[in-house]
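Reminder that position 8 of the first sequence reads as 9 in my numbering, one-by-one numbering, no gaps.
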Amino acid sequence: MPELPEVETVVRELRPRLLGRRLQAVSVSRHRLRKPWQQQWAGLLRGRRVAAIRRRGKWIILDLDNQVHLVVHLGMTGQLTVKMSREAAGTHTHLVFRLDRGRQELRFRDVRRFGSATVFPDSRRLEDFFQKAELGPEPFALPAGYWREQLARTTRSLKAVLLDQRVVAGVGNIYADESLFQARLHPAQRGRDTSAPEAARLRRAIVQVLNQAIERRGSSIRDYIGASGQQGEYQREFRVYGRTDEPCLRCATPIVCMRLAGRSTHYCRQCQRLK
DNA sequence: ATAGGCGCCTGCTGGC
DNA sequence: TGCCAGCAGGCGCCTA
């Protein structure tokens, strides 16, 4: 499900609901997530106040007082919501953090369980974790020179480069396709065949597409909801993603779907020519 | 270095 | 109507 705009929306919606509040008892389902929940984590979290909520790429970071950090990845179908405790939790709810005196709770629901939740006992371990992940810059802080160099040094397709979290953090399958359409570049174009103006166009397109998606609170196709439980609306703005055989909104040529970098890839063969 | 395949999971859809 | 292959917003690991 979630790429940068969805994760950013979750973070923005979590802030007013969680900041300054204390996490209390944690209950854990018997199904393991991508990383198994450690028993001792509950003790580290209990009674800790949420000091800040941040995003890095597609990762959500809850900074607690005492430098404890709860880090969540939503995988494909993860949902992080704050709900009244009396409201029934959906199936596949794997983690429930009681808040304050228990009137509300933070819930992690994940049907496919590709998501993860990890606790770091101090900031040093958090830094080590992200160091190892080698995440590239945030798209909004993507240095032009760095971006040009990353493209110039590779024969990989633009689509593969956009999906590589080490090059730029946060772009996934939807926004890769939408950005390439916006920049009028063919997804299969090799990085090193990309001119400086094209690289600049793509860099601008990524920022524009992501910002517009954030404004619409992300895209809800199947599972995605924000921390408030509300769906996103950017799926209405898709120009290529999921629009196979539908007319291109620029030139009316039917949108093509192909397999690239292991993912379904949508583009307009008229507007996005391969050199 | 890079492409491709698989595995991790569940649920839904489309074609027969 | 019913079945099942194929596919889905992610990511890490393996092989060639």
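Using N, Cα and C, we set each Cβ at its ideal position, and we do this for glycine too. Keep in mind that this is a model prediction, so the values were computed, not measured.
_DSSP has Q105 in a bridge; who is on the other side?_
According to DSSP, which records beta bridges pairwise, Q105 is partnered with M85, L100.
*Can you have a look at R244 and say buried or exposed, based on whether 16 or more other CB atoms are within 10 angstroms of its CB?*
buried
*On the premise that L24 lies in contact with S117, defined as a C-beta separation below 8 Å, what is that separation, rounded to the nearest angstrom?*
Their Cβ separation, rounded to whole angstroms, is 17 Å, which puts S117 and L24 out of contact at 8 Å.
_Test item: CB-CB of L181 and V172 under 7 Å_ = no
*Sort out for me which residues DSSP pairs D111 with in a bridge.*
G79
*Is the region 41-59 touching the region 108-126 in the sense that three or more CB pairs, one from each, lie closer than 8 Å?*
yes
*In three-state DSSP terms, what is D64?*
In this structure, D64 counts as strand in the three-state DSSP scheme.
*For the beta strand (DSSP E) containing Q25, list its first residue and its last residue.*
24-29
*Which residues in the same chain as L20 place their Cβ atom closer than 6 Å to its Cβ, once the five residues preceding and following it in sequence are excluded?*
V51
_Option nearest Y235 by Cα separation, candidates I226, S220, V241_ = Nearest neighbour of Y235 by Cα position, chosen from I226, S220, V241, turns out to be S220.
*asked:* In the DSSP output, which residue or residues are listed as bridge partners for F121?
replied: F121 is bridged to H70.
*From S196, H95, Q151, R114, pick the residue whose C-alpha is nearest to that of T78; which is it?*
R114
*Take every Cβ of the region 98-112, pair it with every Cβ of the region 66-83, and state whether three or more of those distances are shorter than 8 Å.*
yes
*Taking the CB atoms as reference points, tell me whether W60 and H74 lie closer together than 7 Å.*
yes
*Is DSSP giving L143 helix, strand or coil here?*
Note: L143 maps to coil in three-state DSSP.
_Three CB pairs or more closer than 8 Å across the region 195-210 and the region 222-229_ = Counting Cβ pairs under 8 Å, fewer than three are found: no touch.
*In chain order, what residues of the same chain have a beta carbon less than 6 Å from the beta carbon of R251, not counting five sequence neighbours either side?*
C272
*The alpha helix (DSSP H) with P265 in it runs from where to where?*
Checking the displayed sequence, the identity of residue 265 turns out to be Ser instead of Pro. Note, S265: premise wrong, no alpha helix (DSSP H); beta strand (DSSP E) at 264-268.
_Delimiting residues of the beta strand (DSSP E) encompassing V257_ = Start and end: 257-261.
*Excluding five sequence neighbours on each side, which residues of the same chain lie with their C-beta closer than 6 Å to the C-beta of Q231?*
Excluding sequence neighbours, Q231 sits near nothing in its chain.
*asked:* Can you find the residues in the same chain that come closer than 6 Å, C-beta to C-beta, to L5, ignoring five residues on each side of it along the sequence?
replied: G171, L211
_Delimiting residues of the beta strand (DSSP E) encompassing I226_ = Note, I226: premise wrong, no beta strand (DSSP E); not H, not E.
_Proximity of S28 and V97 at Cβ, strictly below 7 Å_ = yes
*A52 in three-state terms, based on DSSP*: strand
*Is P248 helix, strand or coil when you go by DSSP?*
strand
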